[in-house]
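Colleague: This is the structure I have questions about; it appears just below.
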Amino acid sequence: MSVIRHFVKKEFRQVFRDKQMLRMLLIVPIVQLIVLGNAINLDVKHVRLAIFDHDHSEVSRDLLSRFRSSDYFDIILADQSKLSALMDRGKIDISVVIPEGFARDLGSGSTAKAQLIVDAQNSNLAGIATGYVNGVFGSFQEDFRNRMLEKNPDIKSKIHSVEVVSRVFYNPEMNTYFATIPGIAVLLLTIITTLINALNIVREKEIGTLEQLMVTPISKFQFVMGKSLPFAILGYIELAIALAVGMLWFKIPFAGSFLLLAFSAALFLMTTLGAGLLVSTVAQTQQQALFTAWFFLVFCIIMSGFLTPIENMPTALQYLTYLDPLRYMIKVTRGIFLKGSTFFDLKYELAAMAIYGTAMFALAIFRFRKSTT
Amino acid sequence: MNAVIEDSNIVVETHDLTRKFGKFVAVDKLNIAVKRGEIFGFLGANGAGKTTAIRMLCGLLEPTSGTGTVAGFDIVKQAERIKSRIGYMSQKFSLYNDLKVEENLEFYGGVYGLDSRALKQHIHETLERMNLQHVRTKMTAELPLGWKQKLALGAALMHNPDIIFLDEATGGVDPVARRDFWDMIHDLAAHGKTIFVTTHYMDEAEYCHKISIMHQSRVLIQGKVGDLKVQTGMKTVEELFKHVVTQGDSA
Amino acid sequence: MSTSSPMIAANDIKKTYKDTDALRGINLSVSRGEIFGLIGPDGAGKTSLMRILCCLMSFDGGTATVAGFDVEKQSGEIKKRLGYMPQRFSLYPDLSVGENIRFFASLFGVERDAYQTRFAELMQFSKLEPFINRRAAALSGGMKQKLALSCTLIHTPEILILDEPTTGVDPISRFEFWEMLRKLARQGVTILVSTPYMDEADKCDRVALIHKGNILAVGTPSEITQEFKHSVLEIEGANLFDLRRDAETLPSVVEVHLYGDRMHIVTSDIFRCQGELQAKLGISLESVRKVAPSIEDTFISLLK
Numbered sequence: 001m002s003v004i005r006h007f008v009k010k011e012f013r014q015v016f017r018d019k020q021m022l023r024m025l026l027i028v029p030i031v032q033l034i035v036l037g038n039a040i041n042l043d044v045k046h047v048r049l050a051i052f053d054h055d056h057s058e059v060s061r062d063l064l065s066r067f068r069s070s071d072y073f074d075i076i077l078a079d080q081s082k083l084s085a086l087m088d089r090g091k092i093d094i095s096v097v098i099p100e101g102f103a104r105d106l107g108s109g110s111t112a113k114a115q116l117i118v119d120a121q122n123s124n125l126a127g128i129a130t131g132y133v134n135g136v137f138g139s140f141q142e143d144f145r146n147r148m149l150e151k152n153p154d155i156k157s158k159i160h161s162v163e164v165v166s167r168v169f170y171n172p173e174m175n176t177y178f179a180t181i182p183g184i185a186v187l188l189l190t191i192i193t194t195l196i197n198a199l200n201i202v203r204e205k206e207i208g209t210l211e212q213l214m215v216t217p218i219s220k221f222q223f224v225m226g227k228s229l230p231f232a233i234l235g236y237i238e239l240a241i242a243l244a245v246g247m248l249w250f251k252i253p254f255a256g257s258f259l260l261l262a263f264s265a266a267l268f269l270m271t272t273l274g275a276g277l278l279v280s281t282v283a284q285t286q287q288q289a290l291f292t293a294w295f296f297l298v299f300c301i302i303m304s305g306f307l308t309p310i311e312n313m314p315t316a317l318q319y320l321t322y323l324d325p326l327r328y329m330i331k332v333t334r335g336i337f338l339k340g341s342t343f344f345d346l347k348y349e350l351a352a353m354a355i356y357g358t359a360m361f362a363l364a365i366f367r368f369r370k371s372t373t
Numbered sequence: 374m375n376a377v378i379e380d381s382n383i384v385v386e387t388h389d390l391t392r393k394f395g396k397f398v399a400v401d402k403l404n405i406a407v408k409r410g411e412i413f414g415f416l417g418a419n420g421a422g423k424t425t426a427i428r429m430l431c432g433l434l435e436p437t438s439g440t441g442t443v444a445g446f447d448i449v450k451q452a453e454r455i456k457s458r459i460g461y462m463s464q465k466f467s468l469y470n471d472l473k474v475e476e477n478l479e480f481y482g483g484v485y486g487l488d489s490r491a492l493k494q495h496i497h498e499t500l501e502r503m504n505l506q507h508v509r510t511k512m513t514a515e516l517p518l519g520w521k522q523k524l525a526l527g528a529a530l531m532h533n534p535d536i537i538f539l540d541e542a543t544g545g546v547d548p549v550a551r552r553d554f555w556d557m558i559h560d561l562a563a564h565g566k567t568i569f570v571t572t573h574y575m576d577e578a579e580y581c582h583k584i585s586i587m588h589q590s591r592v593l594i595q596g597k598v599g600d601l602k603v604q605t606g607m608k609t610v611e612e613l614f615k616h617v618v619t620q621g622d623s624a
Numbered sequence: 625m626s627t628s629s630p631m632i633a634a635n636d637i638k639k640t641y642k643d644t645d646a647l648r649g650i651n652l653s654v655s656r657g658e659i660f661g662l663i664g665p666d667g668a669g670k671t672s673l674m675r676i677l678c679c680l681m682s683f684d685g686g687t688a689t690v691a692g693f694d695v696e697k698q699s700g701e702i703k704k705r706l707g708y709m710p711q712r713f714s715l716y717p718d719l720s721v722g723e724n725i726r727f728f729a730s731l732f733g734v735e736r737d738a739y740q741t742r743f744a745e746l747m748q749f750s751k752l753e754p755f756i757n758r759r760a761a762a763l764s765g766g767m768k769q770k771l772a773l774s775c776t777l778i779h780t781p782e783i784l785i786l787d788e789p790t791t792g793v794d795p796i797s798r799f800e801f802w803e804m805l806r807k808l809a810r811q812g813v814t815i816l817v818s819t820p821y822m823d824e825a826d827k828c829d830r831v832a833l834i835h836k837g838n839i840l841a842v843g844t845p846s847e848i849t850q851e852f853k854h855s856v857l858e859i860e861g862a863n864l865f866d867l868r869r870d871a872e873t874l875p876s877v878v879e880v881h882l883y884g885d886r887m888h889i890v891t892s893d894i895f896r897c898q899g900e901l902q903a904k905l906g907i908s909l910e911s912v913r914k915v916a917p918s919i920e921d922t923f924i925s926l927l928k
């Protein structure tokens, strides 16, 4: 135990003496959170919407005004004959065609149809825009139904229009900070802890002190713990900073248990620090370590569902995301942070992270050699 | 006469120690015997096989064939036990430049498992012996090269090892600091420590009792420095080395 | 240029870094075809002086000329005539021997015809011919230095400035490297070379011992050792450590150094010392021999 304590002491002395490194570890994440928290905005505003009203009824005008009054849409006025040309040139994101007889069908109780045409080049945007349009239709239908019921309570059975209910959970103001801040926090934690462990060990390899350590009688376990523990502590400091920024700057209420979050972070840090250690067993130079770690990190970030919803990925790749530790940690962190999820709510994610962490750490210890070739 | 030096106890011994990397034979049937209290110089050009041999002796690399013992322990089966009996100081000095002088000693002593009382005492003794008390709290990076070497030696001695491996330890340092350094090495040897020096600087070899010249994975000649000079009629180790290696190449 | 004027001349060169004086007024002069050695430990100021002479670094006082041109004002003229091999000469490890030399030829704008003759000459000179297609990374330390020297020589410079070219090179390659320098000097090339190895002084025509930015002595190697005012006696035998302690107490003894089974006694008076050794320590005259002081002995005595 005392050997490990000396390692912790030494690493902290070195980290705290390197002012440049300290700025990177403590100040850069704060700036990153604030800048990225505003930059990564998963909300879509100003969707360019073209509406072609062939019904010219009171009902269709009501629908139109609902679109106009929404922040999310910029209404483009155009002739329908030019629709496909406008879409080709990327002038329109989405269009709604209200056919003749729309109001009549709705009033008579048969299903009224409207056409939705979406530019799906950016599937993310398309998905979200479609959702918004559906939302407007949903509230429109509900209001229409209520009005009809008021006028004539008996008509109930005759109204066949589908009831679309759209509700926004956990983030009633549709504030995307809520979703992005915990995500970015986990992202920073992943990058910092993986890289710092890999680069630190490879640096010792470069300056020759690693060889010096190899001729001492320390055990593999002592070495691995001695290297990982200080950076795990550093990881917790990072996490605390990120939480503080989220709660104080972005004013996101922390709904769950700090203890559960700390426990989840322990499982997760085993994965990232283990990955860093694993990289250090392969890389001879810091440059190699940086690139190798980067491949792992890019996979983790892209497949985590943080930037692209997992549901939008091809099915085969969706299965691959189960291999991404970040996927679980983001879900767990969001869950604890925003929903106040409990251990039992998150038991599958936590189990996956425990397996992943143990495996990664064990593999790293196994791969690490106290000898050279 | 000093009893320690009379002691013919052999502390480093190898029999046909061989290491291959694929088809390349890096060390070919190495046979050496080093006595307690001896300063043994292991000479050779870069790539002659010195580093590979040293790594096998320090338990960092397994031999392909042959056997060896260091401090009475088998280099294959008891490699980890060897590590607590040896001190190692390499050309790179293996110190942390961003730690203070005493922090380097503290760390290495801690790694060797010294408890806090022993640690405190050993740091004090080492600083005293190396004459480094006045720079105790200085950053290692700021020390002149000669002092860094003394510090590195001090760090390698923190756990009171029987055998000290010096891997090209005194290249480039100023002559006064270098003589001080070797005075300390002779002091250690006189007190029963065995010093195993690897170097390709022939002037370092002049300080050794015995030398072994390695060339292209093999030992060409081995013996007392004075005897070898007489045998070959050479005045310096440098000349001796050139003589032996040129003969080895033409043979 | 007349043959008498020096190829390299430095007058009272001073250089100060933040809070340390790297050079404290250096004077030296090297004539055509001479091998001049700068000998001193790490941090003595060798590299600073060389970089100033190569027009790579500004300095705080004094003047210097190389090939008769002023270092501060005529760097263009100097660079045409100068080959500089820095301490960590950077060859491209993934380029072959031939490719490395061609690259340096292009840097110096060597014309095609001139290049081909020069390349052939250098390959023969450095004995690298069999390795033309080998990657630089796969060369031994000694061969790398020869390749580095060849790259430095591709534009046929009149003056060579070499910063520790033999550091980390094995004795055989070191010997061969010095042979190459000797041949170049015979062709009239002026060579300024630095080394931390005292024993390499003998390979130079003249040397300067340099320490902490000062030149301690300048002259031929034998002139330098004459600066050593004491004599050195050698005693051979086992278990010298205790004997050394006793020897140090003798009044005529200045210093004692141990070299394995040999002991060097530095004394101000040989006869008195021999007498004391015999009388007080029982060492017979026959087991004591006088040896020539080394450059290292001289260096140390000059420091004191």
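Protein chains in written order, with my numbering: chain Y, 1 to 373; chain F, 374 to 624; chain V, 625 to 928. All residues carry an ideal CB built from backbone N, CA and C; glycine is no exception.
Roughly how many whole angstroms lie between the Cα atoms of Met174 (chain Y) and Asp88 (chain Y)?
Modeller: For Met174 (chain Y), the pLDDT reaches just 45, beneath the cut-off of 50, and the residue's location in the model is therefore unreliable, although a value from the coordinates is still provided. Using only the alpha carbons, I get a separation of about 31 Å.
Colleague: Leu518 (chain F) versus chain V: which residues are under 8 Å apart at the beta carbon?
Modeller: The answer, in chain order, is Pro665, Asp666, Gly667.
Colleague: What is the rounded straight-line gap between the Cα of Arg869 (chain V) and the Cα of Gly861 (chain V)?
Modeller: Their backbone Cα atoms lie some 15 Å apart in a straight line.
Colleague: Taking Cβ to Cβ, would you say Leu468 (chain F) is nearer than 9 Å to Met531 (chain F)?
Modeller: Not a contact, by the Cβ cut-off of 9 Å.
Colleague: With 16 as the cutoff for other CB atoms within 10 Å, does Thr285 (chain Y) come out buried or exposed?
Modeller: With fewer than 16 other Cβ atoms within 10 Å, it is exposed.
Colleague: Against Asp553 (chain F), what residues of chain C qualify as contacts under a CB-to-CB distance less than 8 Å, listed in chain order?
Modeller: Checking the listed chains, one finds no chain C in this structure; the protein chains it contains are Y, F and V.
Colleague: DSSP state of Gln522 (chain F), grouped into three classes?
Modeller: Three-state result, Gln522 (chain F): helix.
Colleague: Using only the alpha-carbon positions, how far apart do Glu858 (chain V) and Gly843 (chain V) sit?
Modeller: Glu858 (chain V) and Gly843 (chain V): Cα-Cα distance of roughly 26 Å.
Colleague: Chain F beta carbons: is any one of them nearer than 9 Å to that of Asp787 (chain V)?
Modeller: No, because no Cβ of chain F sits closer than 9 Å to the Cβ of Asp787 (chain V).
Colleague: Three or more C-beta pairs under 8 Å: does that hold for the stretch 571 to 583 of chain F against the stretch 412 to 422 of chain F?
Modeller: With a cut-off of 8 Å, the stretch 412 to 422 of chain F and the stretch 571 to 583 of chain F count as touching, because enough Cβ pairs lie within range.
Colleague: Less than 8 Å between the CB atoms is what I'm expecting for Leu901 (chain V) and Val912 (chain V), so what's the real figure, rounded?
Modeller: So it is a contact: roughly 6 Å between Cβ atoms.
Colleague: Counting only the same chain and skipping the five closest in sequence on each side, list residues whose C-beta sits under 7 Å from that of Val202 (chain Y).
Modeller: Excluding positions up to five away in sequence, the list reads Ser280, Ala283, Thr285, Gln286, Ala289.
Colleague: For Glu851 (chain V), which residues of its own chain have a beta-carbon under 7 Å away from its beta-carbon, when the five flanking residues on both sides are left out?
Modeller: So the list reads Ala841, Thr922, Leu926, once near-sequence residues are dropped.
Colleague: Mark Ser166 (chain Y) as exposed unless 16 or more other C-beta atoms lie within 10 angstroms of its C-beta, in which case mark it buried.
Modeller: With a pLDDT of 36 at Ser166 (chain Y), under the threshold of 50, the modelled position of that residue is not reliable, and no figure is offered here.
Colleague: Could you tell me whether the Cβ of Asp540 (chain F) comes closer than 9 Å to any Cβ of chain V?
Modeller: No, no contact with chain V.
Colleague: Per DSSP, Val831 (chain V) is paired with what?
Modeller: Paired residues: V:Gly661, V:Gly843.
Colleague: Would a C-beta distance cut-off of 9 Å place Ala563 (chain F) and His582 (chain F) closer than the cut-off?
Modeller: No, the pair does not count as a contact, with Cβ atoms beyond the cut-off.
Colleague: Based on Cα-Cα distance, which residue from Y:Val28, Y:Leu86, Y:Met148, Y:Ala275 lies nearest to Thr358 (chain Y)?
Modeller: When only C-alpha atoms are compared, the closest one is Y:Ala275.
Colleague: Measuring straight from C-alpha to C-alpha, what distance separates His56 (chain Y) and Ile184 (chain Y)?
Modeller: Between His56 (chain Y) and Ile184 (chain Y), the C-alpha separation is close to 48 Å.
Colleague: Would a C-beta distance cut-off of 9 Å place Leu647 (chain V) and Ile663 (chain V) closer than the cut-off?
Modeller: In this structure, Ile663 (chain V) does not lie closer than 9 Å to Leu647 (chain V) by Cβ.
Colleague: With a threshold of 7 Å on Cβ separation, who are the neighbours of Val164 (chain Y) within its own chain once the five nearest residues in sequence on each side are excluded?
Modeller: Any reading at Val164 (chain Y) must be qualified, since the residue scores a pLDDT of 38, below 50, and its modelled position is unreliable; the value itself is stated next. These residues qualify, in order along the chain: Asn134, Phe137, Gly138, Gln141.
Colleague: Specify, as a first and last residue, the run of the beta strand (DSSP E) that Tyr716 (chain V) falls within.
Modeller: Element bounds for Tyr716 (chain V): n/a, residue is neither H nor E.
Colleague: Could you tell me the distance, in whole angstroms, from the CA atom of Phe73 (chain Y) to the CA atom of His46 (chain Y)?
Modeller: Roughly 5 Å between the two C-alpha positions.
Colleague: Taking the C-alpha atoms as reference points, what is the distance between Tyr348 (chain Y) and Phe250 (chain Y)?
Modeller: When rounded, the distance between both Cα atoms is 29 Å.
Colleague: To be precise: take each residue of the stretch 220 to 245 of chain Y, compare its Cβ to all Cβ atoms of chain F, and keep it if any distance is under 7 Å. Which residues remain?
Modeller: Taking 7 Å as the Cβ-Cβ cut-off against chain F, none of the residues of the stretch 220 to 245 of chain Y qualify.
Colleague: At a CB-CB cut-off below 7 Å, which residues of chain F make contact with Thr358 (chain Y)?
Modeller: None at all; the shortest Cβ gap to chain F is about 26 Å.
Colleague: Using a C-beta cutoff of 9 Å, does Phe614 (chain F) count as contacting chain V?
Modeller: Chain V contact via Cβ: present.
Colleague: Measure the Cβ-Cβ separation of Ile365 (chain Y) and Lys220 (chain Y) and say whether it is below 9 Å.
Modeller: Yes, these two residues count as a Cβ contact at 9 Å.
Colleague: Looking at the secondary structure, which residues open and close the beta strand (DSSP E) in which Phe344 (chain Y) lies?
Modeller: Looking at the DSSP string, Phe344 (chain Y) is not in any beta strand (DSSP E), and its letter there is neither H nor E.
Colleague: Please identify, using Cβ separations under 7 Å, the residues of the stretch 846 to 867 of chain V that lie next to chain F, in order along the chain.
Modeller: For the stretch 846 to 867 of chain V, which is checked against every Cβ of chain F, the residues closer than 7 Å are Glu860, Ala862, Asn863, Phe865, Asp866.
Colleague: For Met822 (chain V), would you say it is in contact with chain F, using Cβ-to-Cβ distances shorter than 9 Å as the test?
Modeller: By this cut-off, Met822 (chain V) is an interface position.
Colleague: Can you tell which of V:Leu652, V:Ser629, V:Phe683 has the C-alpha that lies nearest to the C-alpha of Lys642 (chain V)?
Modeller: Lys642 (chain V) has its Cα closest to that of V:Phe683, out of V:Leu652, V:Ser629, V:Phe683.
Colleague: Beta carbon of Ala639 (chain F), beta carbon of Val385 (chain F): below 9 Å?
Modeller: With chain F covering 374 to 624 only, the question about residue 639 (chain F) has no answer from this structure.
Colleague: Of all the options Y:Leu267, Y:Leu22, Y:Ser84, Y:Gln80, which has the alpha carbon lying nearest to the alpha carbon of Ala351 (chain Y)?
Modeller: Measuring from the Cα of Ala351 (chain Y), the nearest candidate turns out to be Y:Leu267.
Colleague: Is the Cβ-Cβ distance between Thr332 (chain F) and Lys393 (chain F) less than 9 Å?
Modeller: Nothing can be reported for residue 332 (chain F), as the shown portion of chain F is limited to 374 through 624.
Colleague: Going along chain V, which residues have a C-beta under 7 Å from Asn419 (chain F)?
Modeller: Those within 7 Å of Asn419 (chain F) in chain V are Ser764, Gly765, Asp794.
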